[in-house]
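Undergrad: Okay, here's the structure, questions in a sec.
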Amino acid sequence: MLTPLQAIKKKRAEAVNRIVSKGYLSTKRVYVGMATCEIAAGSKEVMEVFRQAIAKGLTDIYLSQKGCAGRCNLEPTVEVVEEGNIPVKYGRVTPQRAREIVERHLKKGEVITEWVI
Amino acid sequence: MRDKKFKLTLCDGTSCIHNQSKALQQALQAELQRHNLTEAVSVHLSGCLGMCSKGPILIVNPGYILYGRVRVEDIPEIVESHLVHNKAVTRLIITEDHLYNRFFRIFGDVDFFGKQMRIALRNCGIIDPENIDDYLSLRGYEALAKALETMTPQQVIAEVKQSGLRGRGGAGFPSGLKWEFTANQDGDEKYVICNADEGDPGAFMDRSAIEGDPHTVLEGMLIAGYAIGASKGIIYIRAEYPLAIKRLEKAIVAAREHGLLGEKILGSDFSFDIEIRLGAGAFVCGEETALIHSIEGHRGMPRPRPPYPSVVGLFGKPTLINNVETWASIPVIILDGANWFGTVGTETSKGTKVFAVAGRVHNTGLVEVPMGTTLREIIYDICGGIPGGRAFKAVQTGGPSGGCLPEAYLDTEIDYESLAKAGSIMGSGGMIVIDEDSCMVSLARFFLEFTQDESCGKCTPCREGTKRMYEILTRISEGNGQDGDIEKLERLGKMIQRSSLCGLGQSAPNPVLSTLKNFRDEYEEHIQSKTCRAGQCAALLSYTVNEKCVGCGACRRVCPVDAVEGTRKEMHRILQDKCIRCGQCYDACKFDAITKA
Amino acid sequence: MSEKIPIFINDKEYNVEPNQTIMQAADTLGFKIPRLCYHPKLSIEGACRVCIVEVEGQRNFVASCAFPVSPGMKIKTNTHAVRRARRDIVELIVDNHPMDCHTCERDGNCELQRLAAATGIRARHFEGQRKRYDEDLSSVSVIRNPEKCILCGRCVRMCSEKQQVHNLTQAHRGFNTVVMPAYDLPMAESVCTACGQCINVCPTAAFLEKNYTQELFEQLNGTDTVKVVQFAPSVRAAIGEAFNLPPQNMEGQLVAALRKLGFDYVFDTQFSADLTIMEEASEFLERFQNKGKLPMITSCSSAWMKCLEQFYPDLIDNVSTCKSPMSMQGAMTKTYFADKMGIDPKKIYSVATMCCTAKKYEAARPELMFDGMRGVDVVVTTREIAWMIKSAGIDFVNIEPEKADHPLGLSSGAGAIFGATGGVMEAAIRTAYELYTGQTLVDIEVEGVRGLKGIKEGSLKMDGHDIRVAVAHGLGNACKLLDVVRKDPDRYHFIEIMGCPGGCVGGGGQPYAAINTIPLDDEALTQRAKALYDLDRGKTIRRSHDNPDVQKLYKEFLQHPLSPVSHKYLHTHYKAKLPVGIIPKDAKNFEVK
């Protein structure tokens, strides 16, 4: 019988394993803001662009949603995290911008600086 | 900052100075010069970052990489590796940080987040709120496990009391005391309620917190359930928040699946479950006794206190009610300890507060700052000041029940007492910035329109009195103000403040009384000279044609009441007795030839 | 008793009982803090804010009705600030109230009027928009006038807490708040039981009975009808209050005044109370002996009958089939009396003077009709008849008492006590015991069923059988009792239910509370009941079956209790009513409107 702290540590380890098995250790992690405010600003469509890209063969990407970080006037926001590099956060991402992020940042590794917050 | 490649922030608090941060500054400057980086890198000093045990702290942005216990001899390596080669020096990065620090690693957004400190929102924008694994991976539910395994209920309450946490719903009652009162009540059945009935217009702190991190609310409630001996929790959330509700539902299901809700949680003897009740969107249901009535299935109306809900609450049982932000802070207090929490904030108000900043600022949004941050820091440093070069006029804190503070109060360090002293309230955290283009009479009228409409109608001062105040404000803004109206507003306002049944009524006159105090001359102008300096009160405006007029006739054509006369290519004229002050001529004129006054 | 605690009121120290509110403590010390929404029998609303006082250490004024005293508390009831706030609060109420006192039915009897005078409102500072609503005249019993409502919530609490009808509630918000039945139904279609308790507790004229006085005056002036009136037991006990007299039996004065008003025959509903006992006691024994449906529940109270039909349709078979005394009297007036006098029953104008608003509703019930006629053509309340007496210039206080007419005017003491809670039970016991055992019950004053306790229980030995009885007054208590019956149907044999607090003496048609008295307070109810018990004690005939006129009626017309003739004229039936908006579990048994 585990104590509560042992039990929660076991759960955490399992949780981390599950996250990792979903590809968390991919080269690039993409987070799309998906709170009510972000969705209202169009983040569902943005999310869809990334989903489509992965469906069409973009690999080595871990795609996840996240809540609102409070950056109301710059929503929707998309964050690209690359291990060892500085995370990049894009603001006012439209589906068009999202497609460019896929092409330029995710595929070619180019940070599109003018959209970075 | 945008033209700089990096921004370095060096902690310059007393403790860090002691730890030779001055020497670090010099070493840093020398090293930057050596690499010819002075142009590309800016160096800033910050106040205490609350991580003194790890100091001195150096933060590198973008990325908010946190280096701790930085020594002079580490500087060359940091500059060389991080600033030149863009590779962080992993051995110096603070890893075992406080829960709240985590966001530093992910937000690269220094302008906005530099002065923030996130406790309640520590996971918002970081984790996937619909995946319990994300929460678990970031020490989720560890505070619950810690409480269950290593603390007695009394110790949990003592910890919350010691932390100095105060209710974030508005009134700022010490949370620990509330917990203790409820725990001390005998009773086989007790309830824990999360008040997520966020009704202030423009406020979305609770929604954001739940949508971004629902589990922390559940964890806070679980810890309270253990502490006060309750086995049932209810989250009262307004039905207008469908996504928040969906995420809460998902979180509850996931927590049950993981044995974190239900019988014998984490193998202990503690059992607790949570259900969601939807509110129908009445502002007054944020008041705790009205909220309880609403859950019970009655009309949401407050009742006199005492008895307080901690004694006679839901279904007559002792009940502990806290709001979302309060609950979200609990796991941090349990995990990092009351002592640490107590280092954040001011003497009387500990921890952080979330504000929803709206109005005339560059960066509108949700900010969480330590208590004691000044209004100026929030408005200018975090939110980027007022756009368009216009002048700051006032800031309204505390939502529709709050007060309007003029420039003189900008350096007020925010806590419950200082805001009250200044004539406003903390409230649930609404903050609206107003510039010179806003009329204070109209503003007061706008807020009062809301509160008098949302009055539950139970007590006389609020039901009848706010209506009368609204009528007086309306006539003032329509140019029908009379001598004595200001005195009537004050007399009614003070009576309503002191006589109303609940907090809604007691605070409803605040916008009027605070603008009367700070902007009385604007009221007098409206009444005496029938003018509105902000040009917002349509009835007080007059439109005249000036010498720039070329006689194009555009104004004449758009005027809906034929109040413009004139022949082509000659200067036109506006007939003041016909004009309804709709402003269409003003908008139509391409030559700036119509004056609005 | 707990230790007294010191408090300071207006700088003077007093010792008071702990565990009470500031208002309660002040009341015992002779400080009557002005108040409006407060009512001692209802929960604390704290809504009107008129009773605010200053308490040292409290930032705001506190409502003295709700705030408990504590040792050393320093209370100020009359400072400039609190007086001004109180005055402004009352003005705010007055500002949103029609200024039609001269033409208002509550003129001179209005708590708001008194309060405005007491707080010294001589000028109005805050006048503005005033609420406008139409009167709801749909009900034959209770009319609702939201325009006069000051939202004290007394009616809402009375309707839900005491009566558990839950018809009235606040709706809408802020300035638009209004008290209404659910879904804004007209009163006639709502679940209102017409008990009229909202009228009793209303401080203004937001609730009134439907007034039939003008119609009645017109009829009394007509020459082609025979005008017959009856009056209920508790009318005589309370009508004096409308003439500033304490509660007392004013039967003789009432009979005289009714004759002066122009009635040809003045009968006493107490006669039919005796008749009801004959039928009801027989019905009970019939059920008891032949294993009929028990417990048997009385059916005299019209508000209670509507409550039953709506909320307890499963218990309809438990209810006695006897009509109420008023309806029996009406039936006997238009049959036995008409026949005896040789009058065409269609020419009889049958009037009932009742303590009750629901009787107006009852009189119009189609199932009570016989030979195509209504037994009672019009019902007026104690308040209405008192006004008519005043309006006709009759000196009620000094009038020479007279006696009611035969053959429907003589009554036993048992008939008199019908007006108080437990009275029907007591009267029934007196008769049933004798009918069953053949022996006369010696100790006829059944103390166990008297008094103002919400639910009273008792048992009686009849020939070795233990008869268990229960009495409830006020629909809320009735509901509690019936919930017990639903769970435990064998617990009682016989149950008396009265819809109003205290029974008929607390009826919805009784005179308004006088200055400085509280509507429906226990003191007034007890005094009214005492008048009836004294009337009983003063009579030589105290058992219904001993009433010679009742015996004569059976001999000449009805034959015997429960005879076919009785069944035709004195008994009825009830049918489940589906309240609008409530979906029953078993829909097919309900009559859907």
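Residue numbers (this note's numbering), protein chains in the order written: chain A, 390 to 506; chain B, 460 to 1056; chain C, 152 to 744.
Every residue, glycine too, gets a C-beta built ideally from N, C-alpha and C.
All figures in this text were calculated on a predicted structure; none of them were measured in a lab.
What are the boundary residues of the beta strand (DSSP E) that includes Thr483/A?
TA: Sequence index remark: in the first sequence, residue 483/A carries index 94 (1-based). Unbroken run through Thr483/A: none, as it is neither H nor E.
Undergrad: Would you mind reading off the limits of the beta strand (DSSP E) that contains Ser610/C?
TA: Reading the third sequence from its first residue, position 459 is the one you call residue 610/C. Looking at the DSSP string, the run of the beta strand (DSSP E) that includes Ser610/C is Ile606 to Met613.
Undergrad: Going straight from the alpha carbon of Ile666/C to that of Lys361/C, what length do you get?
TA: The residue given as residue 666/C occupies position 515 in the third sequence. The residue given as residue 361/C occupies position 210 in the third sequence. Whole-angstrom Cα-Cα distance: 24 Å.
Undergrad: By the 7 Å beta-carbon criterion, what residues does the stretch 434-458 of chain A contribute toward chain B?
TA: Ser453, Gln454, Lys455, Gly456, Cys457 and Ala458
Undergrad: Given that a residue counts as buried once 16 or more other Cβ atoms are within 10 Å of its Cβ, and exposed if not, what is Ala404/A?
TA: Mapped onto the first sequence, residue 404/A falls at position 15. The residue in question, Ala404/A, is buried, as its Cβ has 16 or more Cβ neighbours within 10 Å.
Undergrad: Could you tell me how far apart the beta carbons of Gly325/C and Glu913/B are, in whole angstroms, since I believe they sit closer than 8 Å?
TA: As a first step, residue 325/C must be located in the third sequence, where it is residue number 174. As a first step, residue 913/B must be located in the second sequence, where it is residue number 454. That pair is a contact at about 7 Å.
Undergrad: Classify Glu923/B as helix, strand or coil using the three-state DSSP reduction.
TA: Reading the second sequence from its first residue, position 464 is the one you call residue 923/B. Looking at Glu923/B - three-state DSSP - the assignment turns out to be helix.
Undergrad: Between Asp415/C and Val386/C, which are expected to be in contact by the criterion C-beta below 8 Å, what is the C-beta distance as a whole number of angstroms?
TA: The count along the third sequence starts at 1 and reaches residue 415/C at position 264. The count along the third sequence starts at 1 and reaches residue 386/C at position 235. About 19 Å separates the two Cβ atoms, so there is no contact after all.
Undergrad: Give, in chain order, every residue of the stretch 251-285 of chain C whose Cβ lies closer than 7 Å to some Cβ of chain B.
TA: His276, Phe277, Gly279 and Gln280
Undergrad: Rounding to the nearest angstrom, what Cα-Cα distance links Arg525/C and Ser478/C in this structure?
TA: Numbered from 1 along the third sequence, position 374 holds the residue referred to as residue 525/C. Numbered from 1 along the third sequence, position 327 holds the residue referred to as residue 478/C. Each residue's alpha carbon lies about 9 Å from the other.
Undergrad: Between Ser480/B, Cys653/B and Glu716/B, which lies nearest to Tyr695/B when the distance is taken from Cα to Cα?
TA: Against the second sequence, residue 695/B aligns to sequence position 236. The shortest C-alpha separation from Tyr695/B is found at Cys653/B.
Undergrad: Using a 10 Å radius around the Cβ and a threshold of 16 neighbouring Cβ atoms, would you call Ser423/C buried or exposed?
TA: Your numbering for residue 423/C matches position 272 in the third sequence. That one is buried.
Undergrad: Please tell me whether Gly671/B and Gly456/A are closer than 9 Å, where the distance is taken between their beta carbons.
TA: Indexing the second sequence from 1 puts residue 671/B at position 212. Indexing the first sequence from 1 puts residue 456/A at position 67. Going by C-beta atoms, Gly671/B is nearer than 9 Å to Gly456/A.
Undergrad: How big is the Cα-Cα spacing for Arg200/C and Leu960/B?
TA: Residue 200/C sits at position 49 when you count from the first residue of the third sequence. Residue 960/B sits at position 501 when you count from the first residue of the second sequence. If you take the alpha carbons of Arg200/C and Leu960/B, they lie about 7 Å apart.
Undergrad: Between which two residues does the beta strand (DSSP E) harbouring Pro829/B extend?
TA: Along the second sequence, read from residue 1 onward, the residue named residue 829/B stands at position 370. Unbroken beta strand (DSSP E) run through Pro829/B: Gly824 to Pro829.
Undergrad: Using a cut-off of 8 Å between C-beta atoms, extract the partners of Arg407/A located in chain B.
TA: Locating residue 407/A in the first sequence gives position 18, where the first residue counts as 1. Near Arg407/A (Cβ distances below 8 Å), the residues of chain B are Asp592.
Undergrad: Sort out for me which residues DSSP pairs Gly422/A with in a bridge.
TA: Here residue 422/A refers to the residue found at position 33 of the first sequence. Bridge partners of Gly422/A: Lys455/A.
Undergrad: Find out if the Cβ-Cβ distance for the pair Lys498/C, Asp375/C is shorter than 9 Å.
TA: Along the third sequence, one-based indexing puts residue 498/C at 347. Along the third sequence, one-based indexing puts residue 375/C at 224. Yes.
Undergrad: In this structure, how does DSSP classify Phe159/C when only helix, strand and coil are distinguished?
TA: Your numbering for residue 159/C matches position 8 in the third sequence. Looking at Phe159/C - three-state DSSP - the assignment turns out to be strand.
Undergrad: If the cut is a Cβ gap below 9 Å, which residues of chain B does Pro219/C touch?
TA: The sequence position of residue 219/C within the third sequence is 68, counting from 1. Those within 9 Å of Pro219/C in chain B are Pro765 and Pro766.
Undergrad: DSSP on Asp425/C, reduced to helix/strand/coil?
TA: Walking along the third sequence from the start, residue 425/C turns up at place 274. Looking at Asp425/C - three-state DSSP - the assignment turns out to be helix.
Undergrad: Out of Pro768/B, Asp587/B and Thr833/B, state which residue places its alpha-carbon closest to the alpha-carbon of Glu747/B.
TA: Within the second sequence, residue 747/B is the residue found at index 288, counting from 1. Of the candidates Pro768/B, Asp587/B and Thr833/B, the one whose C-alpha sits nearest the C-alpha of Glu747/B is Pro768/B.
Undergrad: Are there three or more Cβ pairs, one per stretch, closer than 8 Å when the stretch 1023-1043 of chain B is compared with the stretch 160-169 of chain C?
TA: no
Undergrad: Quick check on the DSSP output: the beta strand (DSSP E) that includes Pro496/C runs from which residue to which?
TA: Your numbering for residue 496/C matches position 345 in the third sequence. Pro496/C -> no beta strand (DSSP E), and no H or E assigned at all.
Undergrad: Classify Glu551/C: buried if its beta carbon has 16 or more other beta carbons within 10 angstroms, exposed otherwise.
TA: One-based indexing of the third sequence puts residue 551/C at position 400. Looking at its Cβ environment, which holds fewer than 16 other Cβ atoms inside 10 Å, Glu551/C is exposed.
Undergrad: Of the residues that make up the stretch 903-929 of chain B, which ones have a beta carbon closer than 7 Å to any beta carbon in chain C?
TA: Gln911, Asp912, Glu913, Ser914, Cys915, Gly916, Lys917, Cys918, Thr919, Pro920, Arg922, Glu923, Gly924, Lys926 and Arg927
Undergrad: Contact between the stretch 926-941 of chain B and the stretch 276-291 of chain C: three or more CB pairs below 8 Å?
TA: yes
Undergrad: Kindly indicate which three-state DSSP category Glu392/C falls into: helix, strand or coil?
TA: Here the question's residue 392/C lines up with position 241 in the third sequence. Note: Glu392/C maps to helix in three-state DSSP.
Undergrad: If you run the structure through DSSP and keep just helix, strand and coil, what is Ala675/C?
TA: Numbered from its first residue, the third sequence carries residue 675/C at position 524. In the structure shown, Ala675/C sits in a helix (DSSP, three-state: H, G or I).
Undergrad: Extract the residue ranges of the beta strand (DSSP E) inside the stretch 332-368 of chain C, only unbroken runs of 3 or more that lie entirely within it.
TA: 358-360
Undergrad: Residue range of the beta strand (DSSP E) that Met885/B falls in?
TA: The residue you call residue 885/B lines up with position 426 of the second sequence. Run containing Met885/B: none; DSSP gives neither H nor E here.
Undergrad: Candidates Tyr413/A, Ile506/A and Ala402/A: which alpha carbon is nearest Thr531/A's?
TA: Residue 531/A lies beyond the range of chain A shown here (390 to 506); nothing can be said about it.
Undergrad: Considering only C-alpha positions, which residue in the set Gly570/C, Val701/C and Glu596/C is nearest to Met649/C?
TA: Position 498 of the third sequence, counted from the first residue, corresponds to residue 649/C. Closest option to Met649/C, Cα to Cα, is Gly570/C.
Undergrad: Can a CB atom of chain C be found closer than 9 Å to the CB of Gln644/B?
TA: Mapped onto the second sequence, residue 644/B falls at position 185. Not an interface residue.
Undergrad: Can you tell me whether Met456/C is helix, strand or coil according to DSSP?
TA: One-based indexing of the third sequence puts residue 456/C at position 305. Three-state result, Met456/C: helix.
Undergrad: Going by C-alpha distance, which of Gly564/C, Glu164/C and Pro730/C is nearest Pro782/C?
TA: Only positions 152 to 744 of chain C appear in the structure, and residue 782/C is not among them; the question remains open.
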